[in-house]
Every structure is written in C-alpha cells, then in structure tokens.
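**Q**
Protein chains in written order, with this note's numbering: chain L, 1428 to 1542; chain A, -18 to 93.
1) Hey, would you say residue 1442(L) sits closer than 8 Å to residue 1508(L), going by beta carbons?
2) So, are the CB atoms of residue 61(A) and residue -1(A) less than 8 Å apart?
3) For residue 1464(L), does the three-state DSSP call read helix, strand or coil?
4) Taking 8 Å as the CB-CB limit, is residue 35(A) close to chain L?
5) Under the three-state reduction of DSSP, which class applies to residue 31(A): helix, strand or coil?
6) Which residues in the same chain have their Cβ closer than 8 Å to the Cβ of residue 1471(L), if we skip the five residues on either side of it in sequence?
7) Nearest to residue 46(A) by alpha carbon, out of -8(A), 2(A) and -13(A)?
8) Identify the continuous beta strand (DSSP E) that holds residue 45(A) and give its terminal residues.
9) Can residue -3(A) and residue 59(A) be called in contact, C-beta distance under 8 Å?
10) Under 8 Å, do residue 72(A) and residue 85(A) count as touching if we go by C-beta distance?
11) Using DSSP's beta-bridge definition, name the partner residues of residue 92(A).
12) Mapping DSSP to helix, strand and coil, what is residue 1440(L)?
13) According to the Cβ coordinates, are residue 1500(L) and residue 1450(L) closer than 8 Å?
14) Residue range of the beta strand (DSSP E) that residue 1521(L) falls in?
15) How many whole angstroms separate the CB atoms of residue 1520(L) and residue 1434(L), which I take to be in contact at a CB cut-off of 8 Å?
16) Could you work out which residue in 1467(L), 1474(L) and 1530(L) is closest to residue 1505(L) when comparing CA atoms only?
17) Of the residues that make up the stretch 1473 to 1490 of chain L, which ones have a beta carbon closer than 8 Å to any beta carbon in chain A?
18) Only counting the same chain, and skipping five residues up and downstream in sequence, which positions put a Cβ closer than 6 Å to that of residue -7(A)?
19) Find the residues of chain A that neighbour residue 1461(L), judging by a C-beta separation of less than 7 Å, and give them in chain order.
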C-alpha cells in the first residue's frame, strides 16, 4: 500500500536561513512525487514534481526537492527562507506501477518563517 | 475560467439536511478528484473520475456520500442526511493524466 509520512507537524526557521521540510514515502513500484503548498482558506498550489530523470527537482518560488530512492525520501528545500513562505506544505505520492490513479497526501507540515 | 471553480465557497446547514457541492474543472482535464480536509488535518481521498471510465469510489466514507460527473465537465458531490462529523473543507482537483493536480479553493461545510 502507498503511504506518505511528514514527520514534522511544524518547522520554524529564521528568514534568510535555509529550510527543509521532510517527506518519506512507501510504494510498491516507482513513485510520482509532488509537493504542494496551501495558504489560509485556499486550495493547494503545485510547487514541484518528480517523475523521472534528475534526482534534484527545481520548482516554483525557489523551492527544490531531492529524490532519494535508497532512503525513500523527497525532502523539500529552499536556500533562503522568506516570511511569505510561511504556509502549510503537503507531500504527495502516486504509485505508477500499481494501476491506481490515487494520490496519497501526507498530513502536512506547517512552515513558519520568522522575521 | 482559468482555474478549478468550486461552489458554494461556504455552506452552513442543519444536521440531517442534504447538501450538494459543485466543482467546475479546468477545461480539457480528464481527471477529477474530490478530497475532504478536516480542520488541521491532511487530505482524505474521496472519489476519482477519469474520462468515461467507472469512478474510483473507494474513499467515500459512507453510503450518504455520492458523486457524479458528466463526461469531462462539472462534478457534484452530494452528502445526504448530514452529520456533524461531515464538517470539513471539501476540495476538488482536476488534471491531465499523470500531470499535477490543480485545486479549487474548496467548499467549507459546517453542520450545526
């Protein structure tokens, strides 16, 4: 069965410092991996995805994520955090070998960037 | 419009009433998903439509929940005999196959 874990409910970081939001996954086949961001009272916005190819994926707003197959991780990173990055971040996975079209979302990590 | 549109944005109703939530996907998107997001929690998959294939209803929590989609257009999620535990934000997303999902802003449902 597919699963996604975001081990941190909240991450606090000072503005200008690098940030990491962790995600690990479990699928039986090859994964499609995604990061989404949610601002208050809004739907989720797509940040970046890994389908195949380079393990380091660059996305919107300066975010990037590294696919690590051996550690089954897809951590979200940004070199220099902004106060405006404060939001709720979701990791999602789809097992492309399973025949299912379902995406499994993590429980979310609230990022707080302090000025 | 350019994005996924959901209506109403807010719905307050009494326990036991039926509610109908609407989703207008992005034109041309073959896939459509409904999710439930309870306060402070992640997304719970409800149902998936892909083109004219039979929908994947495996996430619907009870037989009070149903959803329809006509072709590749509008979808409606219906909750019958609402209960207080149905209070949540209901999110709709659409996509092309194997592409990122585009989400609407959701319907915030409150059951009194």
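For every residue, glycine included, the Cβ atom is placed at its ideal position computed from N, Cα and C. The model shown is predicted, which means the values in this text are computed figures rather than measured ones.
**A** From the atom records:
1) Cβ distance < 8 Å, so residue 1442(L) and residue 1508(L) count as in contact.
2) yes
3) strand
4) no
5) strand
6) Answer for residue 1471(L): 1463, 1464, 1465 and 1517, listed in chain order.
7) 2(A)
8) No beta strand (DSSP E) contains residue 45(A), which DSSP labels as neither H nor E.
9) In this structure, residue 59(A) does not lie closer than 8 Å to residue -3(A) by Cβ.
10) yes
11) -6(A)
12) strand
13) yes
14) Where residue 1521(L) is concerned, the enclosing beta strand (DSSP E) stretches over 1514 to 1522.
15) Wrong, their Cβ atoms sit about 15 Å apart, outside the cutoff.
16) Looking at the Cα atoms, 1474(L) is the closest of the given residues.
17) 1473, 1476 and 1478
18) 91
19) 81
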